[in-house]
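So for the sequence shown, the UniProt record's numbering puts the first residue at 1; every next one is plus one.
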Amino acid sequence: MWLVSTSPSLASGPRIVSMNVCSDQLVLSLADPYQILGLSRFARDAWQSWAADAARHYPVLSGGAEDVLVLKPDVVVVSRFDKRETRDLLQANGLHLVEFTVPRTLDEVKAQIRQMGDVVQHPDRANAEIARLDAAIVRARATVTAHHYRVLPLERRGWVPGEDSLVSSLLTEVGLTNAADELGFRAGGFASLEAIVKLRPDFILVSEAGDRAEDEGRAFLLHPALEHFYPPDKRIVLPERLTVCGGVMLADALDRLTAELKRVTR
C-alpha cells in the first residue's frame with residue numbers, strides 16, 4: 001500500500017516527484033512520507049538503490065511526462081541525464097524543476113544533501129546526515145592511520161574508475177590512494193589483466209564477493225590470474241548501491257569500507 005497523502009492539514013512542505021534513482025534516495029532520506037508523490041522506475045532496484053526497500057511504499061513512475069503531470073507536484077527533481085523532451089514538456093506545463101548534477105567529490109555530495117534539504121524544507125535533517133557522513137569519514141581515517149594503501153577500484157570487464165570519480169574521492173578522503181592514477185585513467189578506462197597484475201596495487205576494490213560468474217563482465221573479475229594475486233583477503237568489497245550515487249548512503253559506504261579494511265589488514 002502506498003503511503004502517500006495530499007491532505008492540506010498535513011502539508012508543511014512541497015509535494016515532490018523524483019525522476020532518477022539518485023535523487024530518489026535523497027528524497028526518501030530527507031522528505032516526509034506525505035511529500036513523496038512518485039519515484040523513478042529504478043527506485044526499487046536493490047542493485048542500484050540503497051533505499052530500495054523504502055521505495056516500495058511509493059508509486060514508481062514511467063519516466064515520461066504524462067504520469068508526472070497527473071500528480072501535479074510542487075517540485076520535480078531531475079538530472080541532466082533525464083530526457084530533454086520530458087523536462088521541456090514539464091516546464092511548458094508550469095511545473096517547477098530542480099536539477100541535480102552527478103557529484104564527483106564528498107564536498108559536492110554534502111552540497112547536494114544541503115540542497116535537497118532546502119528543497120524538501122527540512123534543512124535540519126540534511127545537517128544531521130552531513131554530520132553522520134563526517135563521523136564516518138573520521139572512523140575510516142582512524143582505520144587507515146599511517147598506511148597509505150594503493151587501492152584499485154575494479155568493475156565489470158575491467159573498467160577502472162579514474163581520479164575524477166566519486167569512488168576515488170572516497171578513497172583519498174580517508175587516506176587511501178586510487179591506483180588508477182598510475183594507469184593514466186583520470187576519467188576512467190578499461191584495464192587489461194596484464195596491466196592490473198603489473199600494477200600490483202595493495203588491494204582491489206570490487207562490488208561483490210563470491211565465485212560465481214553469471215556473465216563475461218563478472219568473469220573478468222574471477223579470472224585465474226586475478227584470483228591468484230587478489231584472493232578474498234586482497235579484495236575490498238563495497239556494494240555498488242553504496243557508491244553509484246552521491247548521498248546519505250555514503251556514510252554507510254565509508255563504514256563498510258572501514259570494516260573491510262579491518263578484515264583485509266588484520
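Idealized CB from N, CA, C, for every residue including glycine.
Here's a check: name, in chain order, each residue in its chain whose Cβ is nearer than 8 angstroms to the Cβ of residue i, leaving out the five neighbours to either side.
i, result
"alanine 111", "Pro103"
"aspartate 45", "Val21, Ala52"
"isoleucine 137", "Leu106, Glu173, Val174, Leu254"
"aspartate 82", "Met19, Asn20, Gly63"
"proline 239", "Ser207, Glu208, Arg256"
In its own chain, which residues sit with a C-beta less than 7 angstroms from the C-beta of residue i, not counting the 5 before and 5 after it?
i, result
"valine 244", "Gln48"
"leucine 199", "Leu152, Ala179, Glu182, Leu183"
"asparagine 93", "Leu69"
"glycine 109", "Per the sequence presented here, residue 109 reads as valine, with glycine not at that position. Excluding sequence neighbours, valine 109 sits near Pro103, Gly246, Gly247, Leu250."
Output the distance between the C-alpha atoms of residue i and residue j, rounded to the nearest integer angstrom.
i, j, result
"alanine 142", "alanine 187", "29 angstroms"
"valine 17", "proline 73", "6 angstroms"
"glutamate 173", "phenylalanine 185", "19 angstroms"
"glutamate 260", "alanine 135", "17 angstroms"
"leucine 224", "alanine 65", "A quick correction: the sequence has proline, not leucine, at residue 224. Cα-Cα distance, rounded: 48 angstroms."
"isoleucine 204", "threonine 145", "19 angstroms"
"glutamine 115", "leucine 30", "11 angstroms"
"phenylalanine 220", "tryptophan 50", "25 angstroms"
"threonine 101", "serine 79", "6 angstroms"
"proline 201", "aspartate 255", "22 angstroms"
"alanine 251", "arginine 132", "6 angstroms"
"alanine 140", "leucine 90", "43 angstroms"
"threonine 258", "leucine 97", "37 angstroms"
Which residues mark the beginning and the end of the beta strand (DSSP E) in which residue i is found?
i, result
"glycine 117", "Run containing glycine 117: none in the beta strand (DSSP E); it sits in the alpha helix (DSSP H), 106-119."
"leucine 133", "That residue, leucine 133, is in no beta strand (DSSP E); its alpha helix (DSSP H) goes 123-144."
"leucine 37", "36-38"
Assign residue i to buried or exposed, taking buried as 16 or more other Cβ atoms, counted over all protein chains shown, within 10 Å of its Cβ.
i, result
"valine 21", "buried"
"proline 231", "exposed"
"alanine 70", "A small correction: the amino acid at residue 70 is valine; alanine does not occupy that position in the sequence shown. Burial call: exposed."
"aspartate 124", "exposed"
"valine 76", "buried"
"leucine 222", "exposed"
"alanine 253", "buried"
"alanine 213", "Its pLDDT being 49, under 50, alanine 213 is placed unreliably by the model, and the measurement read from it follows with that caveat. Exposed."
"threonine 265", "exposed"
"serine 62", "exposed"
"serine 12", "exposed"
Chain D beta carbons: is any one of them nearer than 9 angstroms to that of residue i?
i, result
"threonine 172", "The structure shown has no chain D; it contains just one protein chain."
Any idea what DSSP makes of residue i, helix, strand or coil?
i, result
"glutamate 99", "strand"
"asparagine 20", "coil"
"leucine 171", "helix"
"serine 79", "strand"
"valine 151", "strand"
"asparagine 178", "strand"
"glycine 189", "strand"
"glycine 158", "helix"
"valine 206", "strand"
"arginine 266", "coil"
"alanine 213", "Low local confidence applies: a pLDDT of 49 at alanine 213 is under 50, so the model's placement there is unreliable, and no value is given."
"residue 284", "Because the chain is modelled from 1 through 266, residue 284 falls outside the range shown and cannot be assessed."
"valine 248", "coil"
Alpha helix (DSSP H) containing residue i: first to last residue?
i, result
"arginine 235", "It is not in any alpha helix (DSSP H) - arginine 235 instead sits in the beta strand (DSSP E) that spans 235-237."
"phenylalanine 229", "224-229"
"leucine 89", "84-92"
"leucine 69", "65-71"
"alanine 43", "Per DSSP, alanine 43 belongs to no alpha helix (DSSP H) and is neither H nor E."
"aspartate 53", "52-55"
Can you list, in chain order, the residues of its chain whose CB lies under 6 angstroms from that of residue i, leaving out five sequence neighbours each side?
i, result
"alanine 209", "Val237"
"glutamate 129", "Ile113, Val248"
"leucine 171", "Val151, Asn178"
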